[in-house]
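Data first, discussion second: the structure below is written as structure tokens.
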Amino acid sequence: VDDAARLMAQPHDPASARDEELARAARTDPDAFGILYDRHWLAVYRYLRTRTPTDDDAAELAAATFERALAAMPRYRPAGGGILAWLITIARNAAIDAGRRARPGPLDRDVTDDRAGMTPEDGVLTRERRATLAAAIAALPPDQREAISLRYAARLTAREIGAVLGKREQATQKLIERALATIREQYRADD
Amino acid sequence: VPTTDRSRLATALGDPLERDLLELFALHPPQALRRRIDRRIEIVLREWRARPAAQRHASRPGRRTAIVGALATALVLAGATGGLQQLYLFLNGPFDLPWHRGVEINQSRVIDGYRVTVERAYADATRLALAISVADEWGRPGTTQLAAMAATVTDEDGEYTSGGGSTSAPHGPFAAANVTWKTPARLPLPAGDRALHVVVPSIMVRDDATPPPTEDPEWNPWRTVPGPWVFDIVVPVDGGGATLTPNAVVDAGDLTIAVPRVIAAPGVVRLEMRIDGEPSDVGWAPVGEIRHAGRVLKFVMTSWDADGSVIVLTDRGVQDAAGEWLIQIDRLSGGARDVEGPWVIRFDAP
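Heads up: the sequence lines are chains U and P, in that order.
Taken in order, the first sequence gives residues 85 to 275; the numbers are from this note's numbering.
Taken in order, the second sequence gives residues 566 to 915; the numbers are from this note's numbering.
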């Protein structure tokens, strides 16, 4: 939990400062928006994949997210948690609009599924452990499950997660710590 | 795939559980899907690049929708919603606030003949109230009732959470009116104009004319009609009231009641409390009232978190928060166990 707390409390990294410059430029410059897209499409896709039943649905919503973001760039203000948190908020709204309420998409899947496009790092977690972990996350209350998706799929900081969920950073940190404690207990019990 | 500092830091974590969580969610779409997303974005950006720089701001998709919607509103507004206004006045208590104190919005969007209109809105430091109507302009045979119950609201600070109070009153078979309350992403909402993005993701249509299939015991006459009906509105936030930080604490037997903040707004008073001590299975719900400037404000809505934080809303608000405040908690209701008071907190607001 100490590592998690440290990571969640970390201030915006230098990449985020660059993001804000790009976001300002993207109001009028398509190339700047293209760079933002390159930097963040995977985080948006991974988050949406936790809320959708198929890869196809997640891809469709990811594309819609960036289309909406482009239309809304003039309204973007950095105060709300940064550009990635803003993009994830749009993605979350797009998923809600599409009627795909929070549900653990990839966690529902057959854990023996050998997914196309899997990277070497994906293979480290054994299927059995993946199943245990997926079950522990699926059993969490919805707000904790959502926070875990935002933290580990979208890789947001606590501050950014707070911006997405409309909670304070400290409350968000507690939410994630509670979720991790619950998962850890379940995970240990199954070891 | 770009690698950011953020992901490098994350993968360097020493905690095995966190490493496993990162791996679990390290999903990649099949290449064909990745190419499909890329193509969609390339097309949008190509179209944008093709326009002169001066036109780029005005010609984005969102703005086009707004212009079309505004034209449609001007053409059709009168017939569909005029009779609905009286319905809002039947919605009791604070739900008529958009009509008494709010501003006219009158923005409509039509999808498949279903016109959804954001009619009026009211906002103060604590809450946003939207009056939303829905009408079937085609008067489809078989329709017996409509309802518009859901709306999401976002502003530059994020998505508003549901504040409850949503109800949809029918006006004949082809129209209905609804008032919904939302809690802003960041509190208190500052006074002044607020740009809001409102999405009604779907409406409900009831069809009693079509006989249910005999083999389906779960048949439901209500069906969802997907939208979304999307609005960009500007609502003036009523600047009356004040945010007070009494930081008062009282002992209630084996419990401690703390009141760190009170947001006194013209529409409602939001009392933020912490109740620490032995937890209740269902959380602690305070029962009581506030007295201020010769008026009594009753506690009417309570929500709580497992960590002991409690939010209480009153049945009315205050325009001027100055003077003595008295918060009286008569009882803490905890489901199987009640703790009897009263406990009184007094403080002065400048």
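Note that the Cβ used here is the ideal one computed from N, Cα and C, for glycine as well.
Note that the coordinates shown come from a computational prediction; the quantities given were computed from them, not determined experimentally.
Quiz prompt | Own chain, CB closer than 8 Å to D113 (chain U), minus 5 neighbours either side, in chain order | solution = none
Practice problem: Taking a Cβ distance cut-off of 9 Å, strictly less, list which residues of the segment 148-170 of chain U are near chain P, in chain order. | Solution: A148, F150, E151, R152, L154, A155, A156, M157, P158, R159, Y160, R161, A163, G164, G165, L168, A169, W170
Quiz prompt | Per-residue DSSP class, three states only, for Q254 (chain U) | solution = helix
Exercise. Give, in chain order, every unbroken run of the alpha helix (DSSP H) that is at least 4 residues long and sits entirely within the segment 99-149 of chain U.
Key: 114-133
Quiz prompt | Nonlocal neighbours in the same chain, by C-beta distance under 8 Å from G757 (chain P), ignoring five residues either side | solution = P801, V802, G804
Self-check item: For K747 (chain P) and P851 (chain P), the rounded distance between their alpha carbons
Solution: Cα to Cα, P851 (chain P) sits roughly 22 Å from K747 (chain P).
Quiz item: Where does Y160 (chain U) sit, in a helix, a strand or coil, going by DSSP?
Solution: If DSSP states are grouped into helix, strand and coil, Y160 (chain U) belongs with coil.
Exercise. Compute the minimum distance between the beta carbon of L224 (chain U) and the heavy atoms of the ligand GDP, and state whether it is under 6 Å.
Key: The ligand GDP is not among the ligands present in this structure, which contains no ligands whatsoever.
Quiz prompt | Neighbour-count burial assignment, R133 (chain U), 16 or more Cβ in a 10 Å radius | solution = buried
Quiz item: How would you list, in chain order, the residues of chain U whose beta-carbon sits under 7 Å from the beta-carbon of G723 (chain P)?
Solution: G164, T173, A247, V248, G250
Quiz item: When the distance is taken between beta carbons, is L862 (chain P) closer than 7 Å to R839 (chain P)?
Solution: no
Quiz item: Any Cβ of chain P within less than 7 Å of the Cβ of A222 (chain U)?
Solution: no
Exercise. Spell out whether any CB of chain U is found under 7 Å from the CB atom of I796 (chain P).
Key: The residue asked about is misnamed: residue 796 (chain P) is Phe in this sequence, not Ile. Cβ-Cβ to chain U under 7 Å: no for F796 (chain P).
Quiz item: By the criterion of Cβ-Cβ separation under 7 Å, what are the contact partners of T136 (chain U) in chain P?
Solution: Within chain P, no residue comes near T136 (chain U); the closest Cβ sits about 11 Å away, beyond 7 Å.
Practice problem: Mark T717 (chain P) as exposed unless 16 or more other C-beta atoms lie within 10 angstroms of its C-beta, in which case mark it buried. | Solution: T717 (chain P) should be labelled buried.
Quiz item: Taking just the CA atoms, how far does V909 (chain P) sit from I670 (chain P)?
Solution: 42 Å
Self-check item: Alpha carbon of W794 (chain P) to alpha carbon of V877 (chain P), nearest angstrom
Solution: 32 Å
Self-check item: Cβ of T726 (chain P) within 7 Å of any chain U Cβ
Solution: By this cut-off, T726 (chain P) is an interface position.
Quiz item: Is the Cβ-Cβ distance between D797 (chain P) and P786 (chain P) less than 7 Å?
Solution: No, these two residues do not count as a Cβ contact at 7 Å.
Exercise. Assign N743 (chain P) to buried or exposed, taking buried as 16 or more other Cβ atoms, counted over all protein chains shown, within 10 Å of its Cβ.
Key: buried
Quiz item: Helix, strand or coil: which one does DSSP assign to T646 (chain P)?
Solution: With a pLDDT of only 38 at T646 (chain P), under the threshold of 50, the placement of this residue in the model should not be trusted, and no figure is reported.
Quiz prompt | For T810 (chain P): DSSP bridge partner residues | solution = Under the DSSP definition of a beta bridge, T810 (chain P) lacks any partner.
Quiz item: Cβ of W613 (chain P) less than 7 Å from any chain U Cβ?
Solution: yes
Self-check item: Where A694 (chain P) sits in the DSSP three-state scheme
Solution: strand
Quiz item: Could one say the Cβ of L592 (chain P) lies closer than 7 Å to chain U's Cβ atoms, at least one of them?
Solution: yes
Quiz prompt | Cutoff 6 Å; reference G873 (chain P); Cβ partners in own chain excluding five residues on either side | solution = Same-chain partners within the cutoff: R839, I840, D841.
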